[in-house]
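For the record, in the sequence shown the residue sitting at position 78 is 80 according to the numbering used here, with numbers rising by one throughout.
All C-beta atoms, glycine included, are put in the ideal place defined by N, C-alpha and C.
Notes for the one structure printed next.
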Amino acid sequence: MKELSVLSLICSCFYPEVRNTVLNELEADIEVKPINKRASGQAFEVILKPLSPVSDVVHNLASPPKRDISLDDIEKKLEAAEERRKYQEIQVLRALAEKREHERDVLFKALEENNNFSKMAEEKLQMKMEQIKENRDAHLAAMLERLQEKERHAALVRRNKEMREVMTA
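Right under this line is the structure:
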């Protein structure tokens with residue numbers, strides 16, 4: 003098999019221009035033999051072909067170009083990360099503040115509705131009590147009127163009786 007480093011194989015996954023050459027080289031040197039299927043999924047065995055004595059050329063894949071990272075770049079990245087963290091923290095605090103404000107509004111509205119309900123219930127009760135008092139006063143006045151009427155009638159009957167007794171005597 004042609005000598006390929008693991009790093010070259012991994013790099014070939016990220017750089018498409020290298021991937022095609024790696025795949026072509028690997029296809030020629032690898033044989034895939036299926037094994038009985040397992041419960042966890044497909045199983046297979048990879049058999050690598052031995053190096054042929056004819057190919058003396060060592061195939062090294064070029065590693066991707068390395069970027070020189072300077073201290074300024076690192077500091078800029080750290081500052082950007084810190085700004086993202088601060089921004090995210092501000093967003094979380096803003097969301098919490100909005101949530102607290104909403105809770106406060108809900109509580110205020112509930113208290114207001116409770117107070118309104120209490121006032122309405124008190125007014126209703128007051129009106130009912132006044133109505134009951136008026137009805138009671140009216141009932142007592144009617145009873146007194148009937149009693150006075152009966153008293154007048156009784157007085158009239160007594161006078162008539164006395165007059166009959168005086169006339170018969």
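- Listed in chain order, the alpha helix (DSSP H) elements of length 4 or more contained wholly in the region 70-98 amount to none.
- Straight-line spacing of the CA atoms in GLU100 and MET129 works out to 43 Å.
- Just so you know, the alpha carbons of GLU91 and LYS126 end up roughly 52 Å apart.
- For LYS68, the secondary structure class from DSSP, reduced to helix, strand or coil, is coil.
- Taken in chain order, the whole alpha helix (DSSP H) runs of length 4 or more contained in the region 91-164 number zero.
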